[in-house]
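Residue numbers (the working numbering), protein chains in the order written: chain B, 14 to 407; chain D, 794 to 1039.
Positions of the beta carbon are idealized from the N, C-alpha and C atoms, including for glycine.
Working notes, beginning with the structure itself.
Below, the structure written as structure tokens:
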């Protein structure tokens, strides 16, 4: 028998049991759709984080207390403002060292208030990071030295508490202390639904008094060129360790942060995809089960076909094609559904979803493989049926 | 293939069974359905295998039709020993030399008469257009030229059995094996089917072997083989009723 003929027979059989074929396919449809969607969300998340880390600026080295490792516990910082000068001497340019001490506080004007990240910084932040002020100006070294109570607002903070009023020169209350607005940042958008503009910057000295701390949380150094990054990392850490012999420090680059985030997201995507793949497997078992029922139901037909000259492999091929058609059709529908769901997720939810070209291709190949794998056993059973016994079946 | 004159010169054998035994294992108990049957069916013969139920006549027909293999003994089809053939070769032999007609017609319910008839040619690798032509000719031959597009459910029992006969005929087999072909039909349709089998035998020279316990059906055959308890009890012989075969 020609393969084309076997296709036609298999299609006829599937069409004769539309509802059953549809329900059988559903398992594969859901499995494939879930795989495509989860891979899309995983790749989307990774891409967005990468863009954001890269968007911080180039050649940045982050200096943090403790070890920078996935899974290591955060360490209480013992860095102080003096260390800014220390690192400035190591780099050879104090203007290349930015500093941060942060806390979540309430920012308000009269009855209008908002919970925001209050970041104590020095004047170098716009140099080190690509952070632009849309209106007004940024914090100056004098503001830091004189512990001046001035604030630069993130765009959504300005919008929430001032509305249409121009905030420049006005007073706001940060954690109950009055500050004068000297600038408003350009909007940055949001990541995973988290608003990145719900942030205000104040001079680090003012922040330490406001929070009642001496420490600073982290330092960021902008290396002059890419080639300076590696030697600088070592020199920064050893300078700090000379000063604090009992402490550990890390100097990490964007690439290293990206690597770590990539590993975490990759692992997460893998776990989610594995769960989705299990549902695809269950769908395959469903196909196998229905094919066994189909073989039993059509025992007489199989007997007849054998009596008329069908060989074992003709019958096997017919049922195998039937199983593969079920899975491939289910796979195609699943891909369509998965791509559609990814686009919908992208459009209506904060989660990004990016369809990698390989994931529908892989899903298709896997569903075809599932069809062959789970179709072989019923098809072999059909092919081996004894025609005498099969014809006698009622 | 042309039928030679009955009673003429020695003719080619279509099927030959030599001391054929078929034993089954049923729940661990060995049951002998055939206990040593020797039988020769010439090309162009018209024979009836008769016997009570449980006599082994169905088993004999399955063996003659290559649906089954003997436990011991030799079975030759068109000169080829069935024991030497693989399953695939057996299927091909079946396809080319045997036409089956069953008591319950065994038509595929979702397919038209034409496609039912064309089915054996599918397994012979015949192209679609040629299949249709040959199936149409076979349906014409059984008088159903105007019913080709009908499905089995739209046909009467007699018509369905004639479709089945057309299907058995379409591959131009040497032997047509009919298992109780009138068992599910009323008297008139049954008579028509038997007349058709007789006509095909005499006009086309295809050997017809009918398994039946209906003596009216058996009377139409030139030769009657009585089977009882797994043995050929009486055989009227290849040359017709009343002639001693040995």
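Distance, residue j Cα to residue i Cα
i              : j             : result
residue 965/D  : residue 36/B  : 43 Å
residue 254/B  : residue 191/B : 38 Å
residue 1074/D : residue 402/B : Residue 1074/D is absent from the structure shown; chain D starts at 794 and stops at 1039.
residue 285/B  : residue 855/D : 56 Å
residue 59/B   : residue 209/B : 17 Å
residue 863/D  : residue 979/D : 35 Å
residue 308/B  : residue 884/D : 20 Å
residue 945/D  : residue 968/D : 25 Å
residue 74/B   : residue 243/B : 9 Å
residue 109/B  : residue 245/B : 12 Å
residue 61/B   : residue 305/B : 46 Å
residue 795/D  : residue 807/D : With a pLDDT of 41 at residue 795/D, under the threshold of 50, the modelled position of this residue cannot be trusted; read the value that follows with caution. When rounded, the distance between both Cα atoms is 13 Å.
residue 266/B  : residue 70/B  : 11 Å
residue 902/D  : residue 895/D : 15 Å
residue 1022/D : residue 849/D : 7 Å
residue 321/B  : residue 352/B : 46 Å
residue 152/B  : residue 371/B : 48 Å
residue 157/B  : residue 55/B  : 42 Å
residue 161/B  : residue 276/B : 42 Å
residue 38/B   : residue 80/B  : 50 Å
residue 405/B  : residue 852/D : 12 Å
residue 211/B  : residue 119/B : 11 Å
residue 928/D  : residue 990/D : 18 Å
residue 174/B  : residue 215/B : 17 Å
residue 955/D  : residue 986/D : 7 Å
residue 270/B  : residue 219/B : 30 Å
residue 311/B  : residue 392/B : 12 Å
Expected contact under 8 Å - CB spacing of residue i and residue j to nearest Å
i             : j             : result
residue 249/B : residue 100/B : 6 Å
residue 812/D : residue 831/D : 6 Å
residue 115/B : residue 132/B : 5 Å
residue 376/B : residue 344/B : 6 Å
residue 34/B  : residue 333/B : Rounded, the Cβ-Cβ distance is 16 Å, inconsistent with contact.
residue 44/B  : residue 296/B : 5 Å
Cβ-based burial, residue i [other Cβ within 10 Å; buried from 16]
i              : result
residue 874/D  : exposed
residue 357/B  : exposed
residue 23/B   : buried
residue 348/B  : buried
residue 842/D  : buried
residue 1008/D : exposed
residue 217/B  : buried
residue 184/B  : exposed
residue 179/B  : exposed
residue 177/B  : exposed
residue 398/B  : buried
residue 147/B  : exposed
residue 872/D  : exposed
residue 907/D  : buried
Any residues in the segment 269 to 301 of chain B with a beta carbon nearer than 8 Å to a beta carbon of chain D? Which ones, in chain order?
none
Where the segment 862 to 889 of chain D meets chain B: residues whose CB sits under 8 Å from a CB there
880, 881, 884, 885, 887, 888 and 889
Name, going along the chain, the residues of the segment 895 to 925 of chain D whose beta-carbon falls closer than 8 Å to a beta-carbon of chain B.
895, 899, 901, 903, 904, 912, 913, 915, 916, 917 and 918
For the segment 865 to 925 of chain D, list the beta strand (DSSP E) runs that are entirely contained and at least 3 residues long, ordered along the chain.
865 to 870 and 891 to 894
Could you please tell me which residues of the segment 830 to 855 of chain D, in chain order, have their CB closer than 7 Å to any CB of chain B?
855
For the segment 376 to 396 of chain B, list every residue whose C-beta sits within 8 Å of some C-beta in chain D, in sequence order.
none
What are the start and end residues of each continuous beta strand (DSSP E) run of 3 or more residues lying completely inside the segment 915 to 994 of chain D, in chain order?
968 to 972
Where the segment 301 to 316 of chain B meets chain D: residues whose CB sits under 9 Å from a CB there
313, 314 and 316
Output, in sequence order along the chain, the residues in the segment 54 to 69 of chain B whose CB is closer than 7 Å to any CB in chain D.
none
Note down, in chain order, all residues in the segment 22 to 34 of chain B with a beta-carbon under 8 Å from any beta-carbon belonging to chain D.
25 and 29
When Cβ atoms are compared, which residues of the segment 995 to 1011 of chain D fall closer than 9 Å to chain B?
none
In chain order, each alpha helix (DSSP H) run of at least 4 residues that lies wholly inside the segment 115 to 198 of chain B:
138 to 141, 154 to 158 and 168 to 175
Name the residues in the segment 954 to 965 of chain D whose C-beta lies less than 8 Å from a C-beta of chain B; which are they?
960 and 964
Name, going along the chain, the residues of the segment 966 to 989 of chain D whose beta-carbon falls closer than 7 Å to a beta-carbon of chain B.
none
Tell me which residues of the segment 318 to 329 of chain B have at least one Cβ-Cβ distance to chain D shorter than 9 Å, keeping chain order.
318, 319, 320, 321, 322, 323, 324, 325, 326 and 327
3-residue-minimum beta strand (DSSP E) runs that sit fully inside the segment 220 to 265 of chain B, ordered along the chain:
231 to 235
Listed from N- to C-terminal order along the chain, which residues in the segment 334 to 363 of chain B have their beta-carbon within a distance smaller than 8 Å of any beta-carbon of chain D?
none
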